[in-house]
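**Q** In our numbering, the protein residues as written are 136 to 434. Sharing a structure, written as structure tokens. Questions coming.
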Ligand SMILES: Nc1ncnc2c1ncn2[C@@H]1O[C@H](COP(=O)(O)OP(=O)(O)O)[C@@H](O)[C@H]1O
Ligand SMILES: [Mg+2]
């Protein structure tokens, strides 16, 4: 019997990374299905607990690769989507990454909190709702970064060096009912380090070099260029595996900064992109991920 794997995102058509994962799964003899949370109905108390909304057929899968929950616009919609994957896990179907870990990683507050408790260096960060206090804190940091609690691609990540700017940003966030996430700005070279770990394997490690002077964000999306690291030092390897273990993730892309006091983790991505590195190295992380998923189900 072929193993059946659902790959989850919420775009009308599967995004590039989802297609790569589906192709890799098919190459290994599995059947891959694209699943959108908005097209799933959950039945409480029925043996076929999860069905497709459009066909009313059971979702017959052995494992799930969760890439994107979609943009949930209300707390209720967010909870429903989280619960859908909790429900799938309750059916004994593994979700990769597990829903609780996926949520924790997306949440820059709790993920950094857990990493810090585990002794992994992270930037000093304060999360609050009071814009006046946020302004004071940003001023004390002298150079601060204000980030969305949930975000990616470097979008909405702001460097704040001026108290008036801190005030206006914080106040605006408070007015649109967003928490304020203020972080010390870490002096670093014009690059950071992305480590992609799948299970017990470091699949790729590369500098993300920002060639534009003055642009301090090193996301590929922000114009940074990937440059493979030939030999990753032991400390980074050890940190990477500890991050995975601490956040209970099966795979992740970890962003490390090189601060004057050593490595520091900016954030952890539970559904990392890898297009940039795939283009220049020919490494196809989707293959490693597909192998991991298939091996996991066999255990
Ligand atoms: N505290 C910080 N100090 C210096 N640079 C930072 C800091 N936080 C983020 N950055 C830079 O901004 C980029 C994006 O921030 P990150 O926290 O990874 O958010 P995103 O989820 O949008 O990628 C990082 O890759 C890093 O280059
Ligand atoms: Mg990042």
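For each residue, glycine too, the CB sits at the ideal point set by N, CA and C. Only a predicted model underlies this, so the values are computations on that prediction, with no experimental measurement involved.
Given the structure, does residue 162 come close to ligand 1, in the sense that its CB is under 8 Å from one of the ligand's heavy atoms?
**A** Checking every heavy atom of ligand 1 against the Cβ of residue 162, none is found closer than 8 Å.
**Q** Rounded to a whole number of angstroms, what is the C-alpha to C-alpha distance between residue 426 and residue 140?
**A** Between residue 426 and residue 140, the C-alpha separation is close to 12 Å.
**Q** Over what stretch of residues does the beta strand (DSSP E) that includes residue 352 continue unbroken?
**A** Residue 352 -> no beta strand (DSSP E), and no H or E assigned at all.
**Q** In the region 218-271, which residue ranges form an unbroken beta strand (DSSP E) of at least 3 residues, counting only runs that do not cross its ends?
**A** You should have 260-263.
**Q** Give me the residue from 172, 250, 253, 187 with the minimum Cα distance to residue 213.
**A** Looking at the Cα atoms, 172 is the closest of the given residues.
**Q** Any heavy atom of ligand 3 closer than 8 Å to the CB of residue 375?
**A** Among the ligands present in this structure, namely ligand 1 and ligand 2, ligand 3 is not found.
**Q** Which residues does DSSP pair with residue 168 in a beta bridge?
**A** Paired residues: 141.
**Q** Give me the DSSP bridge partner(s) of residue 198.
**A** DSSP output for residue 198 lists 140 as bridge partner(s).
**Q** Assuming residue 372 is part of the alpha helix (DSSP H), what are its boundary residues?
**A** Here the alpha helix (DSSP H) through residue 372 covers 369-381.
**Q** In whole angstroms, what is the alpha-carbon distance linking residue 190 and residue 143?
**A** Computed Cα separation, rounded: 18 Å.
**Q** Is residue 418 helix, strand or coil by DSSP?
**A** Reduced to three states, the DSSP call for residue 418 is coil.
**Q** List the endpoints of the continuous beta strand (DSSP E) containing residue 344.
**A** Counting along the chain, the beta strand (DSSP E) containing residue 344 begins and ends at 336-344.
**Q** Residues in its own chain within less than 6 Å of residue 276 by CB, not counting five upstream and five downstream?
**A** Counting only Cβ-Cβ distances below 6 Å, and skipping sequence neighbours, we find 319.
**Q** For residue 343 versus residue 366, is the C-beta distance shorter than 9 Å?
**A** No.
**Q** Out of 155, 265, 302, 351, which has the shortest C-alpha to C-alpha gap to residue 413?
**A** Measuring from the Cα of residue 413, the nearest candidate turns out to be 155.
**Q** If we call anything under 9 Å between Cβ atoms a contact, is residue 170 one with residue 177?
**A** The answer is no: Cβ separation not under 9 Å.
**Q** I need the straight-line Cα distance from residue 322 to residue 260, nearest angstrom please.
**A** Near 15 Å, if we compare the C-alpha coordinates of residue 260 and residue 322.
**Q** Where DSSP assigns a beta bridge to residue 333, which residues make up the other side?
**A** The partner list for residue 333 (beta bridge, DSSP) reads 336, 386.
**Q** Within 8 Å: the Cβ of residue 242 and any heavy atom of ligand 1?
**A** Checking every heavy atom of ligand 1 against the Cβ of residue 242, none is found closer than 8 Å.
**Q** Per DSSP, which residues does residue 316 bridge with? Please list them.
**A** Answer is 262, 282, bridged to residue 316.
**Q** Which residues does DSSP pair with residue 393 in a beta bridge?
**A** 398, per the DSSP bridge assignment.
**Q** Determine whether the beta carbon atoms of residue 382 and residue 249 lie at a separation below 9 Å.
**A** Yes.
**Q** Round the Cβ separation of residue 273 and residue 206 to the nearest angstrom and send it over; I've been treating them as touching at under 8 Å.
**A** In fact, because the Cβ distance is near 28 Å, the residues do not count as touching under 8 Å.
**Q** If I follow the unbroken beta strand (DSSP E) through residue 306, where does it start and stop?
**A** Segment 298-310 is the alpha helix (DSSP H) holding residue 306; no beta strand (DSSP E) there.
**Q** Just the Cα atoms here: how many angstroms apart are residue 297 and residue 352?
**A** The straight-line gap from Cα to Cα measures roughly 18 Å.
**Q** With distances taken from CA atoms, which of 150, 283, 269, 288 is nearest residue 390?
**A** Ranking the options by Cα distance to residue 390, first place goes to 288.
**Q** In three-state terms, what does DSSP make of residue 215?
**A** Residue 215 falls in the helix class under three-state DSSP.
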